[in-house]
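All remarks here apply to the structure that follows.
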Amino acid sequence: MTRSGQSGADVDPLLQRAWRLCAEAEPLLGFEHQRAIAEFQRILEAPVRAALVGRVNSGKSTLVNALVGQSVAPTNATECTRVATIYRNGMPARAVVAGTDGAQATIPIGDRLPDNLGRPVDKISHIDVFLPNAALRSLELIDTPGTSGHGGNAAPTTSSGTAFMTGADGPDVVFLLFDGVLRPDDLELLHAIGANRANTFALLSHSDSYGSGPFGGSDPIDDATKKADELAAQHRDKFCQVVAVSGLLGEAALTGSFREQDARVLASLADLDPFELSIELASTEDSAIIELLERIGEYGIVSSRPMAKFGAHAVIEHLRKRSGIAEFISTARPIVRRRANLRRVKNLLESLRVAARHAPRSAEVLALIDAAEMDPAFHALRELRAMDLILRWSPAHPLVAELDKAISGDPAFALDLPVSTPVSELAAAAMRKCGETRTRRLIARSAAEGEVLTVLERSYQLLAMRLQGAAFA
Ligand SMILES: Nc1nc2c(ncn2[C@@H]2O[C@H](COP(=O)(O)OP(=O)(O)OP(=O)(O)O)[C@@H](O)[C@H]2O)c(=O)[nH]1
Ligand SMILES: [Mg+2]
38 MTRSGQSGAD
48 VDPLLQRAWR
58 LCAEAEPLLG
68 FEHQRAIAEF
78 QRILEAPVRA
88 ALVGRVNSGK
98 STLVNALVGQ
108 SVAPTNATEC
118 TRVATIYRNG
128 MPARAVVAGT
138 DGAQATIPIG
148 DRLPDNLGRP
158 VDKISHIDVF
168 LPNAALRSLE
178 LIDTPGTSGH
188 GGNAAPTTSS
198 GTAFMTGADG
208 PDVVFLLFDG
218 VLRPDDLELL
228 HAIGANRANT
238 FALLSHSDSY
248 GSGPFGGSDP
258 IDDATKKADE
268 LAAQHRDKFC
278 QVVAVSGLLG
288 EAALTGSFRE
298 QDARVLASLA
308 DLDPFELSIE
318 LASTEDSAII
328 ELLERIGEYG
338 IVSSRPMAKF
348 GAHAVIEHLR
358 KRSGIAEFIS
368 TARPIVRRRA
378 NLRRVKNLLE
388 SLRVAARHAP
398 RSAEVLALID
408 AAEMDPAFHA
418 LRELRAMDLI
428 LRWSPAHPLV
438 AELDKAISGD
448 PAFALDLPVS
458 TPVSELAAAA
468 MRKCGETRTR
478 RLIARSAAEG
488 EVLTVLERSY
498 QLLAMRLQGA
508 AFA
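Throughout, my numbering is defined as the position within the sequence shown, counted from one, plus 37.
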């Protein structure tokens with residue numbers, strides 16, 4: 038497993054078991070399914086794909102640039118991205134333009150995807166952009182045209198419709214960028230691309246200009262962060278996380294575009310009081326200040342003025358922290374990977390069951406699938422079903438958060454303990470949780486709650502067994 042960025046002991050047991058199932062099923066399925074099995078295995082090990090969706094100007098392409106660490110995606114204050122574009126690791130840097138007629142044309146790219154793609158946008162299905170880029174090895178990004186644009190399309194695609202986003206190569210996870218208000222077309226879009234709570238992350242974008250902005254009484258990013266927490270509680274049934282981010286600050290900090298001369302321009306504004314500064318920024322004709330405004334916005338200027346005298350590195354570190362992107366990636370990365378693995382294994386099981394129906398040794402293949410489903414490594418699929426059940430019954434139920442933690446596959450997170458907790462203590466805590474969950478199950482208030490607690494009791498039991506094994510290894 039190399040392309041997925043996972044190797045050796047890091048490989049999710051869920052994927053290892055799925056691989057074994059493929060290997061066991063292949064000889065029983067017959068020659069005509071060999072290619073399909075190879076394809077299943079390719080998908081299991083492929084990097085995670087995240088689609089960035091949202092309205093025009095919500096900041097999708099800016100966030101792509103921040104995540105890639107290179108300003109490769111064109112951005113603009115007016116409707117900009119017209120074609121779904123997949124950013125992936127590969128050499129040499131190039132864009133492969135896939136036409137709606139099936140034709141493909143390769144164009145070399147420099148720092149940024151060119152405006153001229155060689156054919157009209159309505160004749161393009163999508164673009165594959167390859168960049169030699171470490172960040173893209175484990176996470177591929179699909180930048181999409183905004184909804185509610187002039188094209189009036191509710192789908193993040195051009196003429197290819199949503200099919201491109203729902204096939205086997207479609208996204209594993211969805212990052213929805215929004216301003217905090219969930220509109221009917223956002224929901225329509227999420228539905229059309231098959232997004233669900235398990236794989237949808239909501240990003241409250243433009244956090245640096247949230248609320249009353251940088252000259253208001255409070256810090257817009259702090260306000261946006263509080264708002265994101267409220268939205269997470271309000272939309273618990275729709276998103277697995279809601280996080281406030283500023284793509285603009287992230288792009289400036291993570292692409293290396295903020296330079297020493299920018300820090301000097303910033304330092305020249307250090308002595309102005311907030312009122313003078315607001316006037317200066319609103320009326321300036323100084324091209325260096327205008328460029329700085331484009332690069333880091335008003336909040337970037339206001340909040341990083343005190344760091345400017347220490348040089349560009351101090352400003353970059355401040356912008357990086359305030360953007361919320363590095364933090365989002367470090368907390369979301371393991372969840373994203375796990376959610377992708379679960380989605381892929383779920384699809385694999387469904388496809389294998391279909392293939393088994395037509396196979397000469399059908400009963401044996403079905404028995405293999407049943408055995409895999411009973412395997413502790415596949416218990417997370419039961420947790421996912423339990424999640425669907427509780428969400429249908431009571432989206433605000435505290436068991437939703439508990440299941441989220443269990444599904445993560447991360448023992449410390451699942452047990453609400455610090456990451457530094459010794460394995461033996463984690464094992465003891467898992468045993469205790471198992472006992473407590475049994476007691477809770479006995480007094481469950483509904484069949485749904487009882488079913489979820491049965492699944493969770495098994496989750497803690499399996500976790501305890503795994504940790505005990507690790508403690509004695
Ligand atoms: N202040 C601020 N501006 C941002 C932020 N993210 C993006 N912008 C600006 O908003 C405008 C739109 O950004 P894009 O990244 O092009 O938005 P998009 O969602 O890709 O737009 P479409 O491709 O048209 O759908 C640009 O002028 C960006 O500089 C942010 O976090 N804060
Ligand atoms: Mg865009």
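Every residue, glycine too, gets a C-beta built ideally from N, C-alpha and C. None of these values were measured; they are calculated from a predicted model.
Coarse secondary structure for residue i, derived from DSSP in three states
i, result
"Gly189", "Its pLDDT being 42, under 50, Gly189 is placed unreliably in this model, and the coordinates cannot settle the point."
"Asn126", "strand"
"His163", "strand"
"Gln107", "coil"
"Leu214", "strand"
"Thr184", "strand"
"Ala304", "helix"
"Ala484", "helix"
"Arg376", "helix"
"Ala75", "helix"
"Glu177", "strand"
"Leu168", "strand"
"Arg131", "strand"
"Leu89", "strand"
"Ile555", "Because the chain in this structure spans residues 38 to 510, residue 555 falls outside the shown range and cannot be described."
"Trp56", "helix"
"Leu219", "coil"
"Gly287", "helix"
"Gly207", "coil"
"Leu506", "Note that residue 506 corresponds to Gly in the displayed sequence, not to Leu. The answer is helix: DSSP assigns Gly506 an H, G or I state."
"Ala393", "helix"
"Ala408", "helix"
"Ile114", "Looking at the sequence shown, residue 114 is not Ile but Ala. Residue state, collapsed to three classes: coil."
"Ala281", "strand"
Near ligand 2: residue i beta-carbon under 6 Å from a heavy atom
i, result
"Thr118", "yes"
"Ser98", "yes"
Residue i beta carbon near ligand 3 (any heavy atom closer than 6 Å)
i, result
"Ala281", "In the structure shown, ligand 3 is absent; the only ligands present are ligand 1 and ligand 2."
Ligand 1 heavy atom lying under 6 Å from the CB of residue i
i, result
"Val166", "no"
"Asp245", "yes"
"Ser249", "no"
"Thr112", "yes"
"Gly337", "no"
"Asn94", "yes"
"Gly516", "Within the shown structure, residues of the chain are numbered from 38 to 510, placing residue 516 beyond reach of any answer."
"Gly334", "yes"
"Gly253", "no"
"Leu213", "no"
"Gly487", "no"
"Gly231", "no"
"Leu285", "yes"
"Gly361", "no"
"Gly217", "no"
"Gly183", "yes"
7 Å Cβ cutoff, residue i in contact with chain C
i, result
"Val302", "Note that chain C does not occur in the displayed structure, where there is just one protein chain."
What are the complete alpha helix (DSSP H) segments, minimum 4 residues, inside the segment 411-474? 416-430, 435-444 and 448-451
Quick one: which unbroken beta strand (DSSP E) runs of 3-plus residues sit fully inside the segment 225-278? Chain order, please. Restricting attention to beta strand (DSSP E) runs no shorter than 3 residues, the segment 225-278 encloses them at 237-241, ordered along the chain.
Does the structure place the segment 207-217 close enough to the segment 229-243 that three or more beta carbon pairs sit under 8 Å? yes
In the segment 312-365, which residue ranges form an unbroken alpha helix (DSSP H) of at least 4 residues, counting only runs that do not cross its ends? The segment 312-365 contains these whole alpha helix (DSSP H) runs: 324-345 and 349-360.
Would the segment 66-81 and the segment 420-429 be scored as touching if the rule is three or more Cβ pairs under 8 Å? no
With contact counted as at least three CB pairs below 8 Å, one residue from each stretch, are the segment 85-93 and the segment 171-186 in contact? yes
The segment 488-507 in contact with the segment 453-472 per 3-pair CB rule at 8 Å: yes
With three or more C-beta pairs closer than 8 Å as the rule, is the segment 321-335 touching the segment 244-263? yes
Whether or not the segment 72-87 and the segment 53-62 are in contact is what I'm after, with contact meaning three or more pairs of Cβ atoms, one per stretch, closer than 8 Å; do they touch? yes
Meets three-Cβ-pair contact criterion under 8 Å: the segment 93-110 and the segment 280-291: The segment 93-110, when compared against the segment 280-291, does touch it at the 8 Å Cβ threshold.
Closer than 8 Å is the cut-off here; do at least three beta carbon pairs connect the segment 290-300 with the segment 273-280? no
Would you check if there are 3 or more beta carbon pairs closer than 8 Å linking the segment 447-460 to the segment 305-323? no
Mind the definition here: the segment 127-143 touches the segment 160-169 only if three or more C-beta pairs lie below 8 Å; say whether that holds. yes
Between the segment 107-116 and the segment 393-412, can you find at least three pairs of beta-carbon atoms closer than 8 Å? no
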